[in-house]
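With this note's numbering, you'll find the sequence shown wraps up at 369, consecutive numbering, no jumps. Note that beta-carbon positions come from the ideal geometry of N, C-alpha and C, so glycine has one too.
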Amino acid sequence: MRAAIFDKQGFENLQVKDNIQNPKISDYDVLIRVVVAGINPIDYYVISGYRTIQYQQQENDPKRLNKKAPLTSELPVKPLPHIPGAEFAGVIEKKGLRVRNLKEGDRVVIYNRLFDNNCEMCVNGNEMLCRNGGLISVNNDGGFSEYVCLPEKNVFKIPDNINWNTSVSLPVSGLTAFHALKEAQLKFNEFLLIFGASGNTGMFAVQLGKRMGSKVIAISRKKWVKAECGADYLISDYNHIIDKVKEITDEKMADVVISSLGKDTWRNSFSCTGINGRWISFGTLTGSNVELNIQELYSKQLKLIGSTGGNRADLRKLIEYVSYSSKISNPLKIKVWKRFNLEDIDKAFESLIDKEREGRVLLDINKE
Ligand SMILES: NC(=O)c1ccc[n+]([C@@H]2O[C@H](COP(=O)([O-])OP(=O)(O)OC[C@H]3O[C@@H](n4cnc5c(N)ncnc54)[C@H](OP(=O)(O)O)[C@@H]3O)[C@@H](O)[C@H]2O)c1
Ligand SMILES: [Zn+2]
2 MRAAIFDKQG
12 FENLQVKDNI
22 QNPKISDYDV
32 LIRVVVAGIN
42 PIDYYVISGY
52 RTIQYQQQEN
62 DPKRLNKKAP
72 LTSELPVKPL
82 PHIPGAEFAG
92 VIEKKGLRVR
102 NLKEGDRVVI
112 YNRLFDNNCE
122 MCVNGNEMLC
132 RNGGLISVNN
142 DGGFSEYVCL
152 PEKNVFKIPD
162 NINWNTSVSL
172 PVSGLTAFHA
182 LKEAQLKFNE
192 FLLIFGASGN
202 TGMFAVQLGK
212 RMGSKVIAIS
222 RKKWVKAECG
232 ADYLISDYNH
242 IIDKVKEITD
252 EKMADVVISS
262 LGKDTWRNSF
272 SCTGINGRWI
282 SFGTLTGSNV
292 ELNIQELYSK
302 QLKLIGSTGG
312 NRADLRKLIE
322 YVSYSSKISN
332 PLKIKVWKRF
342 NLEDIDKAFE
352 SLIDKEREGR
362 VLLDINKE
């Protein structure tokens, strides 16, 4: 089969090869013919070995990918050679003898966490925190590949009225945003402030936050976030975020702040969290180490919350909700900017890190 694969981390080592052996399925597995894959920052970290975006240091073309890996990987992966790809959807080609709920021909999306289903985290419905777990595409091969074999417990059927662009966006982008809003205990009529609102997770956070009854303030350079995702307010000027939030909230600031952009937006995002507010993050796109003013934290009784992925119950809920929202003619919208064939995977990552990006970047792998 054809897959994107590397022997060693670093974009310079990423190749698309045709002669990769097809995965073999056990009785409890399904073989998925991958139709489409999402390009996410996690895939960039997996391939590059860096945990922040690295641009090429050449003045003539500063926007291009830095293809050299760091001397020591910031995110080691296994096995090597390795197939990346954390978010993908496809059609079941073959099923194992003991697979009960799926059949050949079903359109499916994957749940991208590895979990034992037995530790106390899993038993309490927190598969993403499994003590013996990991992430598909980090701790095993991912989906930038014609075929993937996975246990039935990692695979969910997609209703016919959810298209491929939306389906593929549910397991990483959608579920992460949904889980974060739940962890932050977002309530009706609260102000929700979202950094990176035009991003993969941001698009979902805006739309789900709105549907959960909050007043959504989106921060993004991209004007379409207001009209297309339904944010109530849009702040596009990164230099005047605090003043704008003061104005919009009548000086109260936001009840919930989602900020997964890391170091560069830490100070602003923390200052925008109102008294008794919740600041929540599931990522650090621009770096992890920041300074915290503890006095500000306790005197405003702020809650700093970490969140990661989501569980299978919520993925199922999200799939059902997205299908329902289409039935009532109010579908969740996924804006796709560019799509590429597997051969052009480098171009897909150039697009992911392009500051002018206007929506998702997807890889078309097989025809349906
Ligand atoms: N823990 C988990 O389970 C999990 C799951 C998904 C994602 N994440 C993490 O969450 C973070 C966001 O993910 P995502 O997929 O939503 O990212 P994304 O699609 O790349 O979106 C990032 C957005 O942030 C804005 N931005 C502002 N400053 C930026 C900067 N210096 N560099 C790049 N973008 C900047 C951009 O919007 P504008 O141009 O409009 O301002 C961009 O669209 C990442 O760190 C990712 O690794 C974690
Ligand atoms: Zn477990």
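The beta carbons of F179 and F196 sit no closer together than 8 Å. The beta-carbon separation of A219 and R279, rounded to 18 Å, does not stay under the 8 Å limit for a contact. The closest CA to that of E128, considering only F189, R361, L363, R313, is found on R313. The Cβ neighbour count for A228, taken over all protein chains shown within 10 Å, is under 16; the residue is labelled exposed. In the three-state reduction of the DSSP assignment, E252 falls in the coil class, being assigned neither a helical nor a strand state. Secondary structure at F205: helix, using DSSP grouped into helix, strand and coil.
Rounded to the nearest angstrom, the gap between the Cα atoms of K301 and E357 is 36 Å. Just measuring C-alpha positions, the residue of S221, W267, N102, E191 sitting nearest M213 is E191.
Note that the C-beta distance between I93 and I21 is not below 8 Å.
The residue from F7, W165, N23, M254 with its alpha-carbon nearest to that of F89 is W165. Set against 7 Å, the gap from the CB of L286 to the closest heavy atom of ligand 1 is smaller. No residue range can be given for L66, since it is assigned to no alpha helix (DSSP H) and is classified by DSSP as neither H nor E.
In the DSSP annotation of this structure, C230 is not part of any beta strand (DSSP E); the continuous alpha helix (DSSP H) holding it starts and ends at 225–230. Distance between D30 and T287, taken at the CA atoms: about 38 Å. Counting C-beta atoms within 10 angstroms of its own C-beta, Y45 has 16 or more neighbours from the protein chains shown and is therefore classed as buried.
With contacts defined by Cβ atoms closer than 8 Å, G134 and D117 form a contacting pair. Rounded to the nearest angstrom, the gap between the Cα atoms of R114 and T167 is 19 Å.
Distance from the CA atom of L363 to the CA atom of S138, rounded to whole angstroms, is 16 Å. Checking the DSSP bridge columns, you'll see C131 has no partner listed. DSSP links D30 through a beta bridge to P152. Ranking S27, K25, L66 by CA distance to the CA of F350 puts L66 first. Under the three-state reduction of DSSP output, D142 falls in the coil class, being neither helix nor strand. Per DSSP, the continuous alpha helix (DSSP H) segment holding A314 begins and ends at 313–328. Between the segment 269–285 and the segment 251–261, the count of Cβ pairs shorter than 8 Å is three or higher; the stretches touch.
In chain order, N312, A314 place their CB closer than 7 Å to the CB of G126, counting only its own chain and leaving out the 5 sequence neighbours on each side.
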